[in-house]
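What follows is a set of notes on a single structure, which appears directly below.
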Amino acid sequence: MTESNQVPEAPLARSVEEFGTQRFSNRELSRLDFGSRLLDLAEDSSQKLLERVKFLAIFSDLLDEFFQVRVANLEDQAEANVRRRSVDGLTPAEQLPQIRTRVLELTARVDEVFLHQLIPALKEAGIRLSKWSELDAVDQAFLANFFDDLIFPVLTPLAVDPGHPFPIISNLSLNLAIVVRDGASGEERVARVKVPANLPRFVVMPDGERFVGLEDIISANLGQLFPGMEIRAYIAFRVTRNADLALAEEEADDLLVALEQELARRRFGDAVRLEVTADSSNETRAMLASELELSQDNVYISSAPLGLTGLWALYGLDRPELKGEAWKPITPYQLKNPDGSAADIFEVLRQGDLLVHHPYDSFSASVEQFIAQAAQDPDVLGIKQTLYRTSGNSPIVASLIDAAAAGKQVAALVELKARFDEEANIGWAKALEDAGVHVVYGIVGFKTHSKTALVLRREGQRIRRYCHIGTGNYNSRTARNYEDLGLLTADEEISQDVGELFNYLTGFSRLGDFKKLLVSPVTMRSGIIEEIEMQAALGPKGRIVIKCNGLTDPASIDALYRASMAGVPIDLAIRGMCCLRPGVPGLSETVTVRSIVGEFLEHSRVFVFGRPDGDEPVRVFIGSADLMERNLDRRIEAATPISDPSLIAKVLHIVDLVMHDDTNTWLLGPDQRWRRFVGSSEHSLHQKLRLEALETLRKSENR
Numbered sequence: 002m003t004e005s006n007q008v009p010e011a012p013l014a015r016s017v018e019e020f021g022t023q024r025f026s027n028r029e030l031s032r033l034d035f036g037s038r039l040l041d042l043a044e045d046s047s048q049k050l051l052e053r054v055k056f057l058a059i060f061s062d063l064l065d066e067f068f069q070v071r072v073a074n075l076e077d078q079a080e081a082n083v084r085r086r087s088v089d090g091l092t093p094a095e096q097l098p099q100i101r102t103r104v105l106e107l108t109a110r111v112d113e114v115f116l117h118q119l120i121p122a123l124k125e126a127g128i129r130l131s132k133w134s135e136l137d138a139v140d141q142a143f144l145a146n147f148f149d150d151l152i153f154p155v156l157t158p159l160a161v162d163p164g165h166p167f168p169i170i171s172n173l174s175l176n177l178a179i180v181v182r183d184g185a186s187g188e189e190r191v192a193r194v195k196v197p198a199n200l201p202r203f204v205v206m207p208d209g210e211r212f213v214g215l216e217d218i219i220s221a222n223l224g225q226l227f228p229g230m231e232i233r234a235y236i237a238f239r240v241t242r243n244a245d246l247a248l249a250e251e252e253a254d255d256l257l258v259a260l261e262q263e264l265a266r267r268r269f270g271d272a273v274r275l276e277v278t279a280d281s282s283n284e285t286r287a288m289l290a291s292e293l294e295l296s297q298d299n300v301y302i303s304s305a306p307l308g309l310t311g312l313w314a315l316y317g318l319d320r321p322e323l324k325g326e327a328w329k330p331i332t333p334y335q336l337k338n339p340d341g342s343a344a345d346i347f348e349v350l351r352q353g354d355l356l357v358h359h360p361y362d363s364f365s366a367s368v369e370q371f372i373a374q375a376a377q378d379p380d381v382l383g384i385k386q387t388l389y390r391t392s393g394n395s396p397i398v399a400s401l402i403d404a405a406a407a408g409k410q411v412a413a414l415v416e417l418k419a420r421f422d423e424e425a426n427i428g429w430a431k432a433l434e435d436a437g438v439h440v441v442y443g444i445v446g447f448k449t450h451s452k453t454a455l456v457l458r459r460e461g462q463r464i465r466r467y468c469h470i471g472t473g474n475y476n477s478r479t480a481r482n483y484e485d486l487g488l489l490t491a492d493e494e495i496s497q498d499v500g501e502l503f504n505y506l507t508g509f510s511r512l513g514d515f516k517k518l519l520v521s522p523v524t525m526r527s528g529i530i531e532e533i534e535m536q537a538a539l540g541p542k543g544r545i546v547i548k549c550n551g552l553t554d555p556a557s558i559d560a561l562y563r564a565s566m567a568g569v570p571i572d573l574a575i576r577g578m579c580c581l582r583p584g585v586p587g588l589s590e591t592v593t594v595r596s597i598v599g600e601f602l603e604h605s606r607v608f609v610f611g612r613p614d615g616d617e618p619v620r621v622f623i624g625s626a627d628l629m630e631r632n633l634d635r636r637i638e639a640a641t642p643i644s645d646p647s648l649i650a651k652v653l654h655i656v657d658l659v660m661h662d663d664t665n666t667w668l669l670g671p672d673q674r675w676r677r678f679v680g681s682s683e684h685s686l687h688q689k690l691r692l693e694a695l696e697t698l699r700k701s702e703n704r
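With the numbering used here applied, the sequence shown covers 2 to 704.
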């Protein structure tokens, strides 16, 4: 790292600002630090083998997105000579070389873990990633037939010469660059062959144990693509392009149509990274980089196969002994009748609020059931729902369609601009509109990221509101792997706030005053900072606990620094990016920062202010927003207070387990380095919560 590690001596500082830009860590490097923690798990031999494979695939996904969005954005700024500095004092041009250095370190680790750790371990477990040259004649004949039948017909070799310009390479596509020689004329030419993305990345052999890379099969059969030519050399390469949509919403007559057009252009945005295999020549790399208008600083050489996101296919193998413990979510006892049927969820909520914790509590038996019962209930007059990322064959979308068919008033806010889910959301929006659902696409200039649902039910002479406010998406697939919290409530003030939020999202009203909710972009930052300042006024008698995915907002960080300078104990669980530097003398001595990375993706956002044994009641919020500028300024977010004492105790218990985990924890030091916490492995957060869920189930069955 640079000299930015050096922080001024504490006693001389009278204010947070006197520490300057050095009080912040770099956002982009912090993102790569999260990738490093994923590689720690891929390297961890105590993990189940296919879990290690999974973490390597997740890392590959993360790095692809990082280049498509973050690096692409910095490249654009550097090219435009933007001099605006990041919170840690670096210009875009100054950040790029630091990013490259860190990425080279990470990709070297990928080569090591894949080639020298996972490949041998997989082989020992009966899963072999074989090369064509390692196969016998029978196996090669099998793959030759596979090539003839399924691969060869869809391949299109494209020559590169004065009459054939270099082809446009689509984003994240795997390709072969082939040098061929005409035996008659002696002339050498270069051609490109795209490896089909709609065929398996690794082809399984008849024994079900061996896998061969698709590019290896194509390479071995290039003679059929170039008859009469001598294959002089070939290499695999992969291109990453700028995939951040440049959408001028205010100029679009139809946002959906404009987004569809922009998605078509995304595949061919400016190139930002060229990946090539280690067996490539300097000349070939230089040629590819030149044609893609990239410098050598954008070229990354890999000894491992390119595009390791394809390892998800291996993780999908039916080998449960090589994976983590399978988990079946529990139905909360309040939502189940003695005969096992689903309870009337509206009757349950009239008795009190319900807090659900996924994936330990069943998403389908709680949130999906809430919308399903609303769709079927003749007394329900309307349903309003936000949809940011949802799953294929979404039960919630199906329920909304059923509700519209039953004549209910149904409104769905479908966020078309949810990055990399735009195409799927366009499909859902059209399906909902076709069914008669009133679909809106959000607010110009903002993404709607709040996780809110509102049900309007006729009860006697009044309309009663029921709502759900969550920390995670309405997605049944990710709800099995993402840790999230959700509040189901009939609280009049909360549900009225949710109603006001939907009026803003679907109409022309302004965001007004909310009685209980914190809402971005109007009250979220100010509300959180106000809570922090209230604890700062208590000094050592105060307490702050925050759990979220990212902490990069300078104003929020400075508020936490001021609270620490006042002596407030502060515990932060930040899964991904963190620009706050804990443990700095005089600035953040009372702050600890940890990251939990393990079996389930820690995704909930929880804010706790105060001590259970303090003079003032503990204030607890859950919601959709991380403490990041984008969430607080450019998104519609919602966080709700938890008021039921028993539910507050439940949240406090969860965050207490988070802070005592000694199995999946990394701690951040004042030197900006993350170190894995080595404990007794007796306090695994995920294992404890599973056991507690099973114990709750056992007790409920014995009631």
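Each residue gets a CB set at the ideal place from its N, CA and C atoms; glycine is no exception. On a predicted model such as this, the values are computed, not experimentally measured, just so you know.
Between which residues of its own chain and residue i is the CB-CB distance below 6 Å, once the five residues before and five after are set aside?
i, result
"Pro570", "Arg544, Thr591"
"Met2", "The predicted position of Met2 is uncertain, since its pLDDT is 38 and thus under 50; a value taken from the coordinates is nonetheless stated next. Once the five neighbours on either side are set aside, Met2 has no close Cβ partner at all."
"Pro158", "Ala192, Val194, Leu226"
"Arg233", "Val180, Arg182"
Tell me which same chain residues have a C-beta within less than 8 Å of the C-beta of residue i, skipping the five on either side of it?
i, result
"Leu690", "His358, Tyr361, Ile655, Leu658"
For residue i versus residue j, is the C-beta distance shorter than 8 Å?
i, j, result
"Gly446", "Ile470", "no"
"Val196", "Phe68", "no"
"Ala413", "Leu433", "yes"
"Leu633", "Arg526", "yes"
"Gly508", "Leu519", "no"
"Leu602", "Val594", "no"
"Ser492", "His604", "Correcting the residue identity first, residue 492 is Asp in this sequence and not Ser. No, these two residues do not count as a Cβ contact at 8 Å."
"Leu289", "Tyr467", "no"
"Pro330", "Phe371", "no"
For the beta strand (DSSP E) holding residue i, just list the boundary residues, first then last.
i, result
"His358", "355-359"
"Asn1", "Residue 1 cannot be examined here, being either before or after the span of the chain that is shown, 2 to 704."
"Val205", "203-205"
"Gly730", "There is no way to answer for residue 730, as the model of the chain reaches only from 2 to 704."
"Ala314", "Looking at the DSSP string, Ala314 is not in any beta strand (DSSP E); the run it does join, the alpha helix (DSSP H), is 313-316."
"Met230", "230-242"
"Thr387", "381-388"
Output the distance between the C-alpha atoms of residue i and residue j, rounded to the nearest integer angstrom.
i, j, result
"Glu276", "Leu323", "30 Å"
"Ser681", "Glu44", "19 Å"
"Glu252", "Asn74", "Low confidence applies here, because Glu252 scores a pLDDT of 41, under 50, leaving its location unreliable; read the following figure in that light. When rounded, the distance between both Cα atoms is 22 Å."
"Ala198", "Thr310", "12 Å"
"Gln297", "Val161", "21 Å"
"Asp554", "Leu293", "35 Å"
"Asp1", "Ser131", "No answer is possible for residue 1: it lies beyond the span of the chain, which begins at 2 and ends at 704."
"Leu144", "Phe60", "30 Å"
"Gly588", "Ala574", "Sequence check: residue 588 is Leu here, not Gly. Rounded to the nearest angstrom, the two C-alpha atoms are 19 Å apart."
"Ala404", "Gln377", "7 Å"
"Thr472", "Leu552", "16 Å"
"Asp572", "Arg612", "12 Å"
"Phe20", "Val585", "10 Å"
"Ser46", "Lys431", "47 Å"
"Glu29", "Arg101", "11 Å"
"Leu686", "Asp662", "5 Å"
"Thr666", "Glu18", "31 Å"
"Leu123", "Glu216", "20 Å"
"Gly428", "Ala399", "13 Å"
"Leu248", "Leu417", "The predicted model places Leu248 with a pLDDT of 48, which falls under 50 and marks its position as unreliable; any figure quoted below should be read in that light. Distance between the alpha carbons of Leu248 and Leu417 is about 11 Å."
Between which two residues does the alpha helix (DSSP H) harbouring residue i extend?
i, result
"Thr108", "93-113"
Could you check which residue in the options has the C-alpha nearest to that of residue i?
i, options, result
"Arg458", "Gly383, Thr507, Pro207, Gly428", "Gly383"
"Asn172", "Thr479, Ile637, Gly308", "Gly308"
"Ala626", "Ala491, Ile444, Pro121, His450", "His450"
"Ile533", "Pro522, Ile302, Leu561, Ile623", "Leu561"
"Gly317", "Gln370, Arg202, Ile236, Trp429", "Arg202"
"Pro207", "Leu136, Val619, Gly184", "Leu136"
"Lys542", "Ala185, Asp616, Ser31", "Asp616"
Apart from the five residues on each side of it in sequence, which residues of its chain come closer than 7 Å, Cβ to Cβ, to residue i?
i, result
"Leu312", "Val54, Leu57, Ala58"
"Val300", "Leu275, Val277, Arg286, Ala290"
"Ala94", "Ala79"
"Glu369", "Pro396, Ile397, Ser477"
"Asp280", "Ile236"
I'd like to confirm something about residue i: is its beta-carbon nearer than 7 Å to some heavy atom of the ligand FMN, or not?
i, result
"Gln497", "The ligand FMN is not among the ligands present in this structure, which contains no ligands whatsoever."
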